[in-house]
Amino acid sequence: MTSLSTLDPERSARPPLRAHQSGLMGRAAAAASTPGGAIFLLVGVLLVATIVANPNFGDPGVLIRFLGRTAPIAIAAIGQYFVIVAGEFDLSMAAVVSMQVVLAGNLIGDDPGRVIPVMCLMLVLGALIGVLNGLGTTVLLVPSFIVTLGMMLALNGIVDYVTGGAAAGNPVDEFREIGRGTIEDVPVVDVIPYPLIILTVIAVAAVWLMRRPFGRSLIAAGDNPAAARVAGGSLVWLKMRAFVLSSLSATVAGILLVGYAGVHPSVGQGYEFAAITAVVLGGVLLGGGRGWVLSAAAGAFALELLFTLLTALGIESTWRDTVQGVIIIVAVALAGRAWQAGRRPSRSARRAEASTDSSTGSSIQPPSPGTTTGDS
Amino acid sequence: MTAIDAPRTRQSRRLTSTGIVYLVLLFTIILGTILTAAHGRSFFSTGNISAILTFTSVLGFIAIGQTLVILVGSLDLSVPFVVSLSSVVAGGVMAGQSGQVAPAVLAVIALSAGIGLVNGLVVSRLRVHGFVATLGMALIISGYLATNYQGSHGSAPRSFRLVGATQIGPIPVSTLIMLGCAFLAIVVLRRTRTGHHIYAVGGNNEVARLSGVHTAVPVCVAHVLCSVLCGLAGLLLLARLSVGSPTIGSQGGYDLMSIAAVVLGGTLLAGGKGNITGTLGGVAIFAVMDQVMSVIEVESFLQDVVRGLVIVLAVAVYARRDIERRPAPFERPTGLDAALQEAR
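Residue numbers (our numbering), protein chains in the order written: chain S, 6 to 381; chain B, 10 to 353.
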C-alpha cells in the first residue's frame, strides 16, 4: 500500500474504506452486499425454501447427508477457484476425476493393503497433471482454455482406451468407505459423513492459503498480470501451483466419488462446467482477481440445493439444466454490477474527484484501494 | 493503435500466423500422405478427399461463426445445442414434405438468430462474460431439448437430403456452401464497418467505446451470425441423417472443437486478432488428421490423445509469436513501462 500512496498522493488522503470503520456487524453487512457474500444469503434462502417444500429435508440427519453428498463438487469448486481467481480455466477437471476413478478401480482391486500406496500414486499423478497444465499455460504461453482442453481430450482418450468405455473393476470396500462412510452415533445430527470432514479440512486449508502471500499474489496475478509480473513475482511457479491445487482437488473429489458412484469412466462427467458454474455462482469473477474461496464452495451448495428444491417441487428433472442456465446468467449479471459498484465510488463522487486527479490520467478506471478479497 | 502498426514493417519479412497455419496444414498433409501410402492407400483418392471435405463442412460452419464471436472478445459454448435444436426443429417442420423445406429453413434461421441475439444482448448489455452467458444458454436449450424430444424427431424430404449427398467431382456441395459462407464472413470482416468494429471491440472494448463505437452492435452481430451458421450446420446434419436428432450437437463436441479449430487457426482467444482464412486452415488440419487416423486405423481412443497433443503443441508454436508481437489486452503503455524500457 505504501508504494500506492507514494505513486499517487491524492489517494492517501481518501477516507478509509467503509468495511474498516464499522464493527463486526457492519463488516458482515458490507460483506453480504458483495456477490461473494450474497451467495451465503442465497444458500440460506434456498435452504428455507427446500425445507418448506419438503419438511423432511429439515431433519438434521437428512441435511448432514446432503452436505456429505455435495462435498465432492464443493471440493472441486474450491480447486477450480484457485485457477479462476488467477485468471485461468481448468477444463481438464472432469477428465482428471474419471481418470482417478478408473485408476482406483483397476489398481486397488480386492487388496486392502494397496489402498494407501495407490492413493499416493493418484495424488502424485494429479499433481503431475497440474504441473503439465501450468507449464503449458505459463511456459508455452498457450491459453489455459486450450491447454486444459487438450489435457481433457488426452486423458479421456487414455481412460477410454484402458477401460474400453465400460465399467471396470471395483475397489475394495475399505477404499469406498472414504466416500460413503460416516462417523456413527453423533448426538444431534446422527452421523457425520467422512466427505464432509474432508471438505471442512480442505476449506480451512484453502482459506489459510488465500491469506498467505501465495493467495494474495494469486489474486494480484488474476487482477492484473502485467502489474504482478512487474512487482517481481514468478507467475510460472504461481500459476503452476494453482493448477496443481485444482487437479489435486479433482483427485480428492474422484476418491470420494468412488464411494458413491463406483467405477465407471463416465463418473465425473460435466464436473468441469459444474465446478465453473459453482465458482461463478459464488460471485467469483471469470478473468480473475475478485472473489472468495468459501463463496465458491457455497456456490456448489447453492447449485445442489437448487436441484433438491426443484425435485421437491416435483419439476421434471430434464428442466434442471434450463433452470441452472437461467440462474447462472442472472447471478453473474447481478454480480458483475455489484463488483463494479463496490469497485468505484458513485458517478457524482467520481466526477468531483476527477477534477483533482485527472492530472494522473487514471480517472478512467481507478484501481480499488485496499483489498476486495473480503476474508481479511 | 501505433503498437499494431509498428510491427507491420517487419511483418513482410516474417511469416504471419495464418502462414504458419497453412505450413502446419501442408506438413499434416505430407505426413498423412506418407502414412496412408505406408498403409497401401492413396491419400489423394477421390473418396479420401471427399471424406475430408465432408468433415470440414459441418465443423467449418460452426468454426466460422465461432471465429466472429472470439474476434469480438466473447465465446460461444451454446453452439452444439443450437445445432441440435435447429436439426430437430427443421426436421419437425419439414416432416418429409418437399414443400415445407423453405419454411423450415426460414424458421431455423429466425430461431437461431433469436438465440444469437439473446446471447449478444446478455454479453453486451448485462455485461456477462461470454463464457457464462453462452454456457447458460447452452444449459437452457439442453433442458428444453431433453424435456421435449426423446430420440430422433421429424424427417427430411428427399429433395433436401440431396444437399448433403450431392458432390461436384470430389467436392461435396455442402463444403461449397460452407466456403461461400466463409467468403461472406471475410467480406463482412474486411469490407464493412461492423466488421472493423468487431476487431476494434475485441481488441479493446473500452478504447473502442471511447472512440465512439456502439460496442453492443458488433457483439450482437457476431453472436447472431454465429448462431445462424450453427443453424445452417444443424440443417446440413439433418440433410445427412434425414432425421433430426436432439443429441447430434453434443455428441460432436462442437463447442470445444470449434474453439480449438479457431485457436489452431491463429486467432487470439482474447479477441481482436485473427481471421477466417486461418480458421479454415485449422478446420482442415483437424479433418486431415481425423481422416488419416481412421484410414491407418489408429485406435479410436488414441485419436483423442493425438488430437489433444496436436492442439496444444500447434498453438504453442505460434502463440508465443502472437503474444510477443501484440500488447496484452487492456495493457496501456504507462510511464512505468517507459521507465522499465529505459532501464533495460
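Heads up, the beta-carbon is just placed ideally off N, CA and C, and yes, glycines get one too.
query	result
8 Å Cβ cutoff, T327 (chain S) in contact with chain B	yes
is_contact[F64 (chain B), chain S] using C-beta, thresh 8 Å	no
Residue range of the unbroken beta strand (DSSP E) whose run includes I197 (chain S)	195-198
The segment 33-52 of chain B in contact with the segment 156-171 of chain B per 3-pair CB rule at 8 Å	no
Per-residue DSSP class, three states only, for V307 (chain B)	coil
Neighbour-count burial assignment, T55 (chain B), 16 or more Cβ in a 10 Å radius	exposed
Closest residue to Q5 (chain B) among S:S222, S:A247, S:D165, S:I183 (Cα-Cα distance)	As shown, chain B starts at 10 and ends at 353. That puts residue 5 (chain B) outside it, with no answer to give.
For T201 (chain B), the residue or residues it bridges with in DSSP	Per DSSP, none; premise fails for T201 (chain B).
Through-space distance from A307 (chain S) to R325 (chain S), alpha-carbon basis	13 Å
Cross-chain neighbours of D165 (chain S) in chain B, by beta carbon under 7 Å	F310
Other residues of its chain near A142 (chain B): CB distance less than 7 Å, five sequence neighbours each side excluded	N128, V131, V132
Other residues of its chain near V337 (chain S): CB distance less than 7 Å, five sequence neighbours each side excluded	V285
Rounded separation between E2 (chain B) and G262 (chain B) - CA only	Nothing can be reported for residue 2 (chain B): it is not among the residues displayed for chain B, which extend from 10 to 353.
Three-state secondary structure assigned by DSSP to V132 (chain B)	helix
D190 (chain S) - containing beta strand (DSSP E), residue span	187-191
Cross-chain neighbours of L308 (chain S) in chain B, by beta carbon under 8 Å	Those do not exist, as L308 (chain S) stays about 11 Å from chain B at its closest Cβ, beyond 8 Å.
Residue range of the alpha helix (DSSP H) that includes Q260 (chain B)	257-261
Chain-ordered chain S contacts of M146 (chain B) [CB-CB under 9 Å]	G330, I334
Cβ contact (3+ pairs, closer than 8 Å) linking the segment 255-263 of chain S and the segment 97-112 of chain S	yes
Opening and closing residue of the alpha helix (DSSP H) in which H232 (chain B) lies	225-250
Residue(s) in a DSSP beta bridge with G253 (chain B)	B:H162
Contacting residues, own chain, Cβ-Cβ under 7 Å from V233 (chain B) (five flanking each side not counted)	A122, G125, L126, G129
Within 8 Å, strictly: CB atoms of T323 (chain S) and G152 (chain B)	yes
Cβ pair G292 (chain S), G84 (chain S) closer than 8 Å	no
Among S:T143, S:L158, S:I89, S:A58, the one whose alpha carbon lies nearest that of I320 (chain S)	S:A58
Beta-carbon proximity check, A208 (chain S) vs A283 (chain S), cutoff 8 Å	no
Cβ neighbour criterion (16 or more within 10 Å) applied to Q300 (chain B)	buried
Nearest neighbour of C63 (chain B), chosen from B:T25, B:P112, B:R249 [CA to CA]	Looking at the sequence provided, one finds Thr at residue 63 (chain B) rather than Cys. That would be B:R249, whose Cα lies nearest to the Cα of T63 (chain B).
Extent of the continuous alpha helix (DSSP H) run through W242 (chain S)	240-266
Short-range partners of chain S found in the segment 150-165 of chain B, where Cβ spacing is below 9 Å	I150, S151, G152, Y153, L154, A155, T156, N157
Backbone CA spacing between V152 (chain S) and A323 (chain B) [nearest angstrom]	11 Å
Against chain B: residues of the segment 207-236 of chain S by CB proximity under 8 Å	P230, A231, V235
Contact check, Y276 (chain S) vs A109 (chain S), beta carbons under 8 Å	no
Where P270 (chain S) sits in the DSSP three-state scheme	coil
Simplified DSSP assignment, three categories, for Q176 (chain B)	strand
8 Å Cβ cutoff, G155 (chain S) in contact with chain B	yes
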